[in-house]
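Student: My questions will all concern the structure given below.
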Amino acid sequence: MAGEGEREPLLVTLASAAYGALAGAPGVVAQLKAFDDAVKVEGGALLALAAATLVLAAIVALLFAPGGSRGGSSGSRGPTVLLVGPCGSGKTALAHRLCYDNVPQTVTSMKANTLRCETISPPCNVVDLPGHSRLRSQLHGHLGKATRIVFVVDVANMSEQLRPAAELLYDIFSDPAMDGGAPLLVACNKSDLSLARNPQRVKVQLQQEIDKLRGTRRSLETSGDDDDEAEEEKLPVGTPGQAFSMARDAPCEVTFAATSSVTPSLEEVVAFIEG
Numbered sequence: 031m032a033g034e035g036e037r038e039p040l041l042v043t044l045a046s047a048a049y050g051a052l053a054g055a056p057g058v059v060a061q062l063k064a065f066d067d068a069v070k071v072e073g074g075a076l077l078a079l080a081a082a083t084l085v086l087a088a089i090v091a092l093l094f095a096p097g098g099s100r101g102g103s104s105g106s107r108g109p110t111v112l113l114v115g116p117c118g119s120g121k122t123a124l125a126h127r128l129c130y131d132n133v134p135q136t137v138t139s140m141k142a143n144t145l146r147c148e149t150i151s152p153p154c155n156v157v158d159l160p161g162h163s164r165l166r167s168q169l170h171g172h173l174g175k176a177t178r179i180v181f182v183v184d185v186a187n188m189s190e191q192l193r194p195a196a197e198l199l200y201d202i203f204s205d206p207a208m209d210g211g212a213p214l215l216v217a218c219n220k221s222d223l224s225l226a227r228n229p230q231r232v233k234v235q236l237q238q239e240i241d242k243l244r245g246t247r248r249s250l251e252t253s254g255d256d257d258d259e260a261e262e263e264k265l266p267v268g269t270p271g272q273a274f275s276m277a278r279d280a281p282c283e284v285t286f287a288a289t290s291s292v293t294p295s296l297e298e299v300v301a302f303i304e305g
């Protein structure tokens, strides 16, 4: 059996290791540091109490600290709304207006950003996924977790937005995660501007562009450029011999609404998320 002199270094080491491992857990750091210092100074009878308290602190941190194994803090609970769309469509401004009722200066981002939205019932997490094509590989994972999808497109600049919007929608519709997946709202953003097109016109244009993409994508698939196994997992987009129709061919419910982050016109977005 180890003597007092042998137990002290061991428990001091355990205390230090636990302190380092849990240093990212808010509310636990101060307690761990205090016990760590006390163990090193006092030794003796306090060692057992310190070790027991560290074990309890570790369990609590793992269960309830952000990023813990039981799903994180209460702030991460609730439905997940995915905001996605081409670059420059106004996703980030829309997300901040929706969650915080403000519109900050935004810059192009290269990583997903999650906002906690307490203004919607029930409170939800809004994931703003950048539209850059280099981040397209992240799309599948986010689609699988989403309870609602808001697809944002700048309808005042359809000459530049139409093709990338259709390509992204095609990728969403063909993703296996969308087999019985979350409903999707096409947010026709910046609808307050004079050149903005109405939702019905945007729907027609997107259907026509997706229909063109069907032929292009089929040619790529048959050329052998893509991995056959990965392609077999994708959902078919459209009905053979017929023009693409959102109502008939989309793998999920698709609706359209006019939106703007600078005018009070988010009622339809809120109703969609809450519905």
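Read in order, the letters of the sequence shown are residues 31 to 305 in our numbering. Note that the Cβ used here is the ideal one computed from N, Cα and C, for glycine as well.
Under 8 Å, Cβ to Cβ, is there at least one residue of chain D near residue 118?
Tutor: No chain D appears in this structure, which consists of one protein chain only.
Student: Can you find at least 3 beta carbon pairs, one from the region 266 to 278 and one from the region 218 to 226, that sit closer than 8 Å?
Tutor: In short, these stretches do not touch, since the Cβ pair count stays below three.
Student: Just mark residue 234 as buried or exposed, buried being the case when its beta carbon has 16 or more other beta carbons within 10 Å.
Tutor: Label assigned to residue 234: exposed.
Student: Could you please give the first and the last residue of the uninterrupted beta strand (DSSP E) stretch that includes residue 146?
Tutor: Taken as a continuous stretch (DSSP letters only), the beta strand (DSSP E) holding residue 146 covers 143 to 147.
Student: With the cut-off set at 8 Å, would you say residue 174 and residue 281 are in Cβ contact?
Tutor: Result no, Cβ atoms of residue 174 and residue 281 do not sit closer than 8 Å.
Student: Counting only runs of 4+ residues fully inside the region 162 to 231, write out the alpha helix (DSSP H) ranges in chain order.
Tutor: For the region 162 to 231, whole alpha helix (DSSP H) runs of length 4 or above, ordered along the chain, are 169 to 175, 188 to 204.
Student: Thinking C-beta only, is residue 123 closer than 8 Å to residue 291?
Tutor: Yes.
Student: Okay, do the region 160 to 175 and the region 110 to 127 touch, 3+ Cβ pairs below 8 Å being the bar?
Tutor: At 8 Å Cβ cutoff, the stretches touch.
Student: Would you give the residue range spanned by the beta strand (DSSP E) that residue 289 belongs to?
Tutor: Where residue 289 is concerned, there is no enclosing beta strand (DSSP E), given that its DSSP letter is neither H nor E.
Student: Expressed to the nearest angstrom, what Euclidean distance is found between the alpha-carbon atoms of residue 276 and residue 237?
Tutor: Spanning the two alpha carbons is a distance of roughly 7 Å.
Student: Any idea if residue 119 is buried or exposed, counting beta-carbon neighbours within 10 angstroms, 16 or more meaning buried?
Tutor: Residue 119 should be labelled buried.
Student: Mark residue 168 as exposed unless 16 or more other C-beta atoms lie within 10 angstroms of its C-beta, in which case mark it buried.
Tutor: Classification for residue 168: exposed.
Student: Give me whichever residues DSSP pairs with residue 110 in a beta bridge.
Tutor: Per DSSP, 155.
Student: Less than 8 Å between the beta carbons of residue 159 and residue 204, yes or no?
Tutor: Not closer than 8 Å, so no.
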